[in-house]
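Below is one structure; the comments refer to it alone.
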Amino acid sequence: MRIIVGVLLVVTLFAFLAVAGYYNRKTKQEEGFVLKGYRSMCKDCSSDNCPIRQEDYEQEKEWILYL
Amino acid sequence: MEDLFFIAFNAFLVQNIVLSQYLGLCSFFGVSNKEKSSIGMGLSVLFVITLSSVVTWAIYNFILVPFELQFLETITFILVIAALVQVVEMFIKKISPALYRSLGIYLPLITTNCAVLGTALLITTNDFTFNQMLIFAFATSFGYTFIIYIFSYIRVSLEKYPIPRTMRGMPIALLTASIMAMIMTGFR
């Protein structure tokens, strides 16, 4: 009995996390939305044509180096 | 009542989660370079710690203990925290996109902030009642917010002074944090 409850609890929490993660990812894919330091766009552009601010671009570069 | 006050004061200052227990240092150093970001991070952590503590306390006392499943507490708590962070992320993005952008990578990283898991585990270790848990969680996270704001204020102020080049940035931040931690030992 206790093993079933344990498995059910973990599976339920995993499912909750998966659903929350799915909706969260969906909101991030909205057009025109760029989050600094996350889902970086700077791999494909330079400082001249970067769509985000200069200081953010610098921070992006730091994060790419860090990660 | 006296008991609750003692728990709150202890969690807020004496056993401060950052400067006495050295938890959550990653975001403490990472976000504290701007006052606005530090307040945003502090409030996000406050929200996540308080909410996750309530949920984990309920799961621990009403499911894990009655079914003798305490060995599942770590994975359960991590899953609860991770799911709550996803919800908070969506919530902040809707409420304040500017704050969302300024927090950057640190917002999803609350999932791996050991202060959140540490608080949940400390609550189960100390066997708190619901009221005690609520006070402890709020005071702990408020202590985090308070300290990160003070620290960011000091870091921003330090930028105005002629500090030697080799000490600028992280070295002086580490020195400042260590002095603050030493001050905290005075409360013990």
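Chains as they are written, first to last, in the working numbering: chain A, 1139 to 1205; chain B, 173 to 360. Yeah, the Cβ is synthetic: ideal placement off N, Cα and C, and Gly gets one too.
Is there at least one Cβ from chain B nearer than 8 Å to residue i's Cβ?
i	result
VAL1148 of chain A	yes
Under a CB-based cut-off of 8 Å, is residue i close to chain A?
i	result
GLU240 of chain B	yes
GLU174 of chain B	no
ILE267 of chain B	no
ALA292 of chain B	no
MET262 of chain B	yes
THR248 of chain B	yes
LEU244 of chain B	yes
LEU215 of chain B	no
ILE235 of chain B	yes
LEU223 of chain B	no
VAL190 of chain B	no
LEU185 of chain B	no
LEU251 of chain B	yes
SER255 of chain B	Reading the sequence as shown, one finds Ala at residue 255 of chain B and not Ser. Chain A, which has a Cβ nearer than 8 Å to the Cβ of ALA255 of chain B, makes this yes.
VAL259 of chain B	yes
Please classify residue i: is it buried, with 16 or more other beta-carbons within 10 angstroms of its beta-carbon, or exposed?
i	result
TYR232 of chain B	buried
MET305 of chain B	buried
ALA349 of chain B	buried
GLY1170 of chain A	Unreliable positioning characterises GLY1170 of chain A in this predicted model, as indicated by a pLDDT of 47, which lies under 50. The coordinate reading is nonetheless provided below. It is exposed - the Cβ of GLY1170 of chain A has fewer than 16 other Cβ atoms within 10 Å.
MET213 of chain B	buried
SER225 of chain B	buried
ILE179 of chain B	buried
TYR1160 of chain A	exposed
TYR333 of chain B	exposed
GLU261 of chain B	buried
LEU359 of chain B	Sequence inspection shows Phe at residue 359 of chain B; the Leu mentioned does not correspond to that position. By the 10 Å Cβ count, PHE359 of chain B comes out exposed.
ILE307 of chain B	buried
SER209 of chain B	buried
ALA311 of chain B	buried
PHE300 of chain B	buried
ARG337 of chain B	exposed
Less than 8 Å between the CB atoms is what I'm expecting for residue i and residue j, so what's the real figure, rounded?
i	j	result
TYR278 of chain B	SER199 of chain B	5 Å
CYS286 of chain B	GLY341 of chain B	Rounded, the Cβ-Cβ distance is 24 Å, inconsistent with contact.
LEU293 of chain B	GLY1144 of chain A	Actually they are not in contact, since the Cβ atoms of LEU293 of chain B and GLY1144 of chain A sit about 18 Å apart, beyond 8 Å.
ILE235 of chain B	TYR316 of chain B	About 28 Å separates the two Cβ atoms, so there is no contact after all.
TRP229 of chain B	PHE177 of chain B	Their Cβ separation, rounded to whole angstroms, is 20 Å, which puts TRP229 of chain B and PHE177 of chain B out of contact at 8 Å.
SER204 of chain B	ILE320 of chain B	6 Å
PHE239 of chain B	ARG1140 of chain A	4 Å
VAL257 of chain B	THR296 of chain B	Incorrect: roughly 20 Å between the Cβ atoms, too far for contact.
VAL259 of chain B	ALA1158 of chain A	6 Å
SER313 of chain B	LEU218 of chain B	4 Å
ALA309 of chain B	ILE221 of chain B	6 Å
Touch test, the region 180 to 188 of chain B against the region 238 to 255 of chain B, Cβ-Cβ under 8 Å, three pairs minimum: With the rule of 3 Cβ pairs closer than 8 Å, the region 180 to 188 of chain B does not count as touching the region 238 to 255 of chain B.
Any 3 or more C-beta pairs closer than 8 Å across the region 285 to 302 of chain B and the region 237 to 251 of chain B: Counting Cβ pairs under 8 Å, three or more are found: they touch.
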